[in-house]
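Enquirer: A single structure is presented below for examination.
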Amino acid sequence: MTTAKLKPHFSRKLLAIPYALFLAIFVVVPLFIVLYYAFTDDNNVFTWDYLILFFTDGGSLAQFFSSPIFQTISLSLFISLMSTIVCLLIAYPVAYIIANCKLKNKSTLLLMFIVPMWVNFVLRINALKEFFVWIGTYNKSDAWNIINTIIGMVYDFLPFMILPIYTTIIKIDKSYLEAAKDLGATAPKAFLKVTLPLSKSGIISGISMVFLPSMTNYVVSNYLTYRNVKIFGKLIDDYFSGDLWHDGSFVALVLLLFMFLVTWLTGGFEADEQSETRGTSLW
Amino acid sequence: MAKATSPVENNGKIIELVDVCKQFDGVTIVENFNLYVRKGEFITFLGPSGCGKTTTLRMIAGFELPTSGKILLNGKDISALPPHLRPVNTVFQKYALFPHLNVFENVAFGLKQKRVETTYTDKKGNTKVKMEKLPKAIIAEKVKKALEIVDLSGFEKRSIATLSGGQQQRIAIARAIVNEPEILLLDEPLGALDLKMRKEMQLELKAMHKRLGITFIYVTHDQEEALTMSDTIVVMSDGAIQQIGTPEMIYNEPKNTFVADFIGESNIFSGVMPKDNQVRFCGKAFECLDGGFEKDEPVDVVVRPEDVIITSPEQGILKGKVTSVIFKGIHYQILVQCGRYEIEIQSTSAPKVGESVGLTVQPDGIHVMKKVFRVNKFSGVITKRNTVEFGDGEFECDVTQLYPGSHLDEEGYLITAKGEKLDLTDTEVNVEVGLHDITMSDDPDVGGAQGNIISLIYKSEYYRYIVRTENEEDYVLACEDLWNENDRVSLIVPKEKIKMTLKVAEGGKQ
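Now the structure itself:
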């Protein structure tokens, strides 16, 4: 029937249009702009110069490993790695305890860890800086600067680790644990064999929520180290504020590569097998 | 066969529950549970949801600890033993298969936890005993066998999510039996399957039970399932055992109206026993095989629909009109109205609707049982003052319970949730008052009704009194204090304990 065909048909897919537009304008197009700047020179001519410059620091390939860029990247990776590990070590027990406590109002307890996020983050980092000044570790040595940066990152990103882990643990059906115990597993064994693997998706999204931002959040490192610790994000910032758009774009691409690598390593590209934990990766 | 028992001897009993009670936040879920199960038996806990059957099973598994009482396994007290140390395994209601493990890993889970004693000689030549894991080859062997038993050979590598409900069910069973438990606990394991699958699995489980020789304790609310599979059925209600027996016994000789009603279809009548082997119900006397009641003792009478015989109107003890005939495949379901009573009949031949028929029941088709008082039921009328008159008395009550969300205005009219104004005067209501909600006083003015105690029975925790008023209304109540027979008492019922529902046109079924 022709009349039926003419009827405007509302499909739920239409709801995706605003986001698709946003994605195109603010993600895809800028990505191509970055790509364009990374492989062109000031005269808009294609060039490998910035790639070569990045890996050779103006000399040979061997010089890369002693270049300031390499040092920044490896320091940044180290800080991110340590921040993530410390976050995980703190967040998992916290999430586990909150999820399993017998209190009726678990969300209130959880809120205690999230409320700090409501205070402006620059303010918090400044307060932390004053605290470091007070106890005397502020800008005391290179090692202290790194430690202080890690503490700052953990302080800032901890809720992002707690939340996804909490959501996965609370969703684990208690009957799995009972089944494990029924089959002869002691409580610690049941935790290792059941709870831990079943909360894997939460751990993974927590890791990517902490690891990637702590590579770029140079506000933390700047404030807490008197600009003595330079991380990946600061490197990009330096290029762009120094009007070195092509260099900056290439480094940004490298960072992007890291992000893909981390996402791939943590299995972020795999389709979520368990529908119950869907959405937790949004955190 | 299992029996409610006193813990004296231990011949062939694999598990025994002695005076087991379980309370959650002060609410009793399981009360004075006494039961033993013999080795190799297939026993089923049957009851409606909330009757405590799953809680009892969970206490045997070790997930819940009894508030009081003992659980003995092979004569040893295991009441406080954690689940992982008990030689029992459970098949869970929703299977609880580990989603992150494949079929093999799921089934092997229990075996991997197992440690066996091995003796070995160390370098110095001393013989020592240590606990060792089972060798991988043995685990693989056992898993393979278990999968064969449940008919899923070759499924080892499959992930749980790819299995159908029935297959998951089988894996759950394999995961439990691979550990060779002394007792297999099954918590409504077939509840999630469709009817056809369920029937198949019932027969398979029964065959499996025969083959394995493991004791099965099965929980279900499905009476047909219980009848099909069990050696012994434990019918439960309100946390207490109602009857224990073989499926035949439970069906043919239900101990009380609850069992009769829950197992199969039943006509349940209120009757009296004028003498042994005779019972009066529906206004007629019937011959029966029961005796031992007091003269004219009120009783409940249960007649199974298939035991009612349709005769010509002249030959029947009861006469009535056929009101409905429904074809059910094997038989017809026929409803006959005999005066106030509607009687359900199952028969392979069907009369016509509207036909006059006679009904008789053979003596062995009549099951007489003692009346159990759960609650006092009265017919009542709301008065002008928003009190309620029932049972030869007048009591203060809360009329707002008749209409959810309603309240009273200053003049005593009821305002419903929608804002309608109602005058409840002369409204007829059904009133229910619990046994424990009535108290007695010797001051005649404090209570809403007055009467004399005509009976008291000691019920181990309390005395059960029957108080009869002038106009022969009976109140049954429980009281811990001792009163004397014939004492004149007034009866107090707190306002909030009077449960009222509006009277609607009642169906005829007694």
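Sequence order for the protein chains is A and B. By the numbering used here, the letter at position 230 of the first sequence is numbered 230, and the numbering carries on one by one without gaps. The numbering used here runs 1000 ahead of the 1-based position in the second sequence. Cβ coordinates follow ideal geometry from the N, Cα and C atoms, glycine included.
Among B/Tyr1403, B/Ala1417, B/Asp1423 and B/Gly1405, which one has its Cα closest to the Cα of B/Glu1411?
Expert: Cα-wise, what sits closest to B/Glu1411 is B/Asp1423.
Enquirer: Have a look at A/Thr186 and A/Lys193 and give me their C-alpha separation to the nearest angstrom.
Expert: Each residue's Cα considered, the two are about 10 angstroms apart.
Enquirer: I'd like to check one pair, A/Ser175 with B/Ala1096: are the Cβ atoms closer than 7 angstroms?
Expert: Cβ distance < 7 angstroms, so B/Ala1096 and A/Ser175 count as in contact.
Enquirer: Determine, for B/Gln1113, whether the minimum Cβ-Cβ distance to residues of chain A falls below 7 angstroms.
Expert: Interface residue, yes.
Enquirer: Taking 7 angstroms as the CB-CB cut-off, is B/His1084 touching chain A?
Expert: Taking Cβ atoms only, chain A reaches closer than 7 angstroms to B/His1084, which makes this a yes.
Enquirer: Could you tell me which chain C residues have their CB closer than 8 angstroms to the CB of B/Asn1179, listed as they occur along the chain?
Expert: Protein chains in the displayed structure are A and B, and chain C is not among them.
Enquirer: Taking only the alpha-carbon atoms, compute the straight-line gap between B/Leu1456 and B/Asn1471 and give it to the nearest angstrom.
Expert: So the alpha carbons of these two residues sit roughly 20 angstroms apart.
Enquirer: DSSP on B/Asn1486, reduced to helix/strand/coil?
Expert: Coil.
Enquirer: Using a Cβ-Cβ cutoff of less than 8 angstroms, which residues in the same chain neighbour B/Gln1315 once the five nearest sequence positions on both sides are dropped?
Expert: Taken in chain order, the residues that qualify are Gly1358 and Thr1360.
Enquirer: Are any of the Cβ atoms in chain A nearer than 7 angstroms to that of B/Ala1096?
Expert: Yes, B/Ala1096 lies at the interface with chain A (some Cβ there is under 7 angstroms from its Cβ).
Enquirer: Which chain B residues sit within Cβ distance under 7 angstroms of A/Leu192?
Expert: By Cβ distance, chain B contributes nothing, its closest Cβ being about 11 angstroms from A/Leu192, past 7 angstroms.
Enquirer: Can you list, in chain order, the residues of its chain whose CB lies under 7 angstroms from that of B/Ile1149, leaving out five sequence neighbours each side?
Expert: Once the five neighbours on either side are set aside, the close Cβ partners of B/Ile1149 are Ala1174, Ile1177 and Met1208.
Enquirer: Using a cut-off of 7 angstroms between C-beta atoms, extract the partners of B/Gly1110 located in chain A.
Expert: Those are Leu183 and Gly184, listed as they occur along chain A.
Enquirer: Can you check whether the CB of B/Cys1288 is closer than 7 angstroms to the CB of B/Val1381?
Expert: Taking 7 angstroms as the Cβ cut-off, B/Val1381 and B/Cys1288 do not qualify as a contacting pair.
Enquirer: Using a Cβ cut-off of 7 angstroms, pull out every chain A residue sitting near B/Thr1090, in sequence order please.
Expert: What B/Thr1090 touches in chain A: Asp182.
Enquirer: At the level of alpha carbons, what is the spacing between B/Asp1481 and B/Phe1092?
Expert: Rounded to whole angstroms, B/Asp1481 to B/Phe1092 spans 46 angstroms at the Cα level.
Enquirer: Would you grab the beta carbon distance between B/Gly1448 and B/Gly1393 for me? Rounded to a whole angstrom, and I think it's under 8 angstroms.
Expert: Right, the Cβ-Cβ distance comes to about 4 angstroms (below 8 angstroms), so this counts as a contact.
Enquirer: Quick one: residues in its chain with C-beta nearer than 8 angstroms to the C-beta of A/Gly152, no 5 flanking neighbours on either side, listed in chain order?
Expert: Cβ neighbours of A/Gly152 beyond the five flanking positions: Ile125, Leu128, Val220, Ser221, Tyr223 and Leu224.
Enquirer: In this structure, what does DSSP give as the bridge partners for B/Arg1468?
Expert: Paired residue(s): B/Asn1452 and B/Asp1474.
Enquirer: What residues of chain A sit near B/Ala1061, judged by a beta carbon separation below 7 angstroms?
Expert: Neighbours of B/Ala1061 on chain A, chain order: Asp182.
Enquirer: Please name the residue in B/Arg1211, B/Lys1133 and B/Leu1195 whose C-alpha comes closest to that of A/Gly184.
Expert: Looking at the Cα atoms, B/Lys1133 is the closest of the given residues.
Enquirer: List the whole-angstrom C-beta distance separating A/Ile162 from A/Ala91, where the pair is believed to meet the contact cut-off of C-beta under 8 angstroms.
Expert: About 4 angstroms separates the two Cβ atoms, so the contact holds.
Enquirer: Can you find a C-beta in chain A that's less than 7 angstroms from the C-beta of B/His1100?
Expert: With 7 angstroms as the cut-off, B/His1100 counts as an interface residue toward chain A.
Enquirer: Can you check the stretch 1261-1333 of chain B for any beta strand (DSSP E) of at least 3 residues that lies completely inside it and give the ranges in chain order?
Expert: With a minimum length of 3 residues, the continuous beta strand (DSSP E) runs that stay inside the stretch 1261-1333 of chain B are 1267-1275, 1278-1281, 1284-1287, 1297-1303, 1308-1311 and 1318-1327.
Enquirer: Identify whether A/Ser141 lies in helix, strand or coil by the three-state DSSP scheme.
Expert: It is coil, neither helix nor strand.
Enquirer: Given that a residue counts as buried once 16 or more other Cβ atoms are within 10 Å of its Cβ, and exposed if not, what is B/Glu1041?
Expert: Buried, by the Cβ-count rule.
Enquirer: Which residue from B/Asp1307, B/Val1272, B/Val1219 and B/Lys1328 puts its Cα closest to that of B/Gly1047?
Expert: Per the Cα distances, B/Val1219.
Enquirer: Is the Cβ of A/Ser175 closer than 7 angstroms to any Cβ of chain B?
Expert: Yes, A/Ser175 lies at the interface with chain B (some Cβ there is under 7 angstroms from its Cβ).
Enquirer: Quick one: using the 10 Å Cβ neighbour count with 16 as the cut-off for buried, is B/Glu1188 buried or exposed?
Expert: Buried, by the Cβ-count rule.
Enquirer: Measuring CB to CB, does B/Gly1271 end up less than 7 angstroms from B/Val1279?
Expert: Yes.
Enquirer: First and last residue of the alpha helix (DSSP H) that includes B/Asn1102?
Expert: Note, B/Asn1102: premise wrong, no alpha helix (DSSP H); not H, not E.
Enquirer: Would A/Glu178 count as contacting chain B if we go by Cβ distances under 7 angstroms?
Expert: At least one chain B Cβ lies under 7 angstroms of A/Glu178.
Enquirer: Could you name the residues that DSSP lists as bridge partners for B/Thr1118?
Expert: BP columns for B/Thr1118 point to B/Lys1130.
Enquirer: So, using beta-carbon positions, are B/Ile1516 and B/Leu1057 closer together than 7 angstroms?
Expert: With chain B covering only 1001 through 1510, there is no way to say anything about residue 1516 of chain B.
Enquirer: Sort B/His1331, B/Pro1274, B/Phe1269 and B/Asn1277 by Cα distance to B/Val1303 and report the nearest one.
Expert: For the residues B/His1331, B/Pro1274, B/Phe1269 and B/Asn1277, the minimum Cα distance to B/Val1303 belongs to B/Phe1269.
Enquirer: So which residues on chain B does A/Pro197 lean against when the C-beta distance must stay under 7 angstroms?
Expert: Going along chain B in sequence order, the residues near A/Pro197 (Cβ under 7 angstroms) are His1100.
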